[in-house]
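Sequential numbering of the sequence shown, starting at 762, is according to our numbering.
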Amino acid sequence: MEGTVFKPGERPFLDQARKTLESIDGGLLSQTNVERIRTLCVPVNFNGKAIAVLSRDFSPDDQRVAGELEMTYFFTI
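Now the structure itself:
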């Protein structure tokens with residue numbers, strides 16, 4: 762959903778990350794064939810303001826290994 766703009770309240774974890782300027786690692790129940798969905802939201806800060814929030818929704822049961830770029834990013838925030 763690159764470039765998607767959500768209304769306040771539509772994605773609570775995005776709202777929280779934007780307001781607190783802190784990464785949010787949460788979850789929710791989905792009405793899809795995947796029972797649990799984990800949401801990771803990371804604010805992009807510039808001069809003390811969130812200019813964007815990166816979000817990733819995924820199954821916590823997925824055994825995906827994070828790539829080198831992803832690991833580097835998360836270890837620097």
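Where is the CB? At the ideal position from N, CA and C, for every residue including glycine.
Query: Within 8 Å, strictly: CB atoms of F774 and G764; Result: no
Query: Length of the line joining the Cα atoms of T704 and V766; Result: Residue 704 falls outside the range modelled here, since the chain spans only 762 to 838, and no answer is possible.
Query: Where D776 falls: helix, strand or coil (DSSP); Result: helix
Query: Per-residue DSSP class, three states only, for F767; Result: coil
Query: Nearest candidate by alpha-carbon position, reference Q777, set T833, V814, M832, V826; Result: V814
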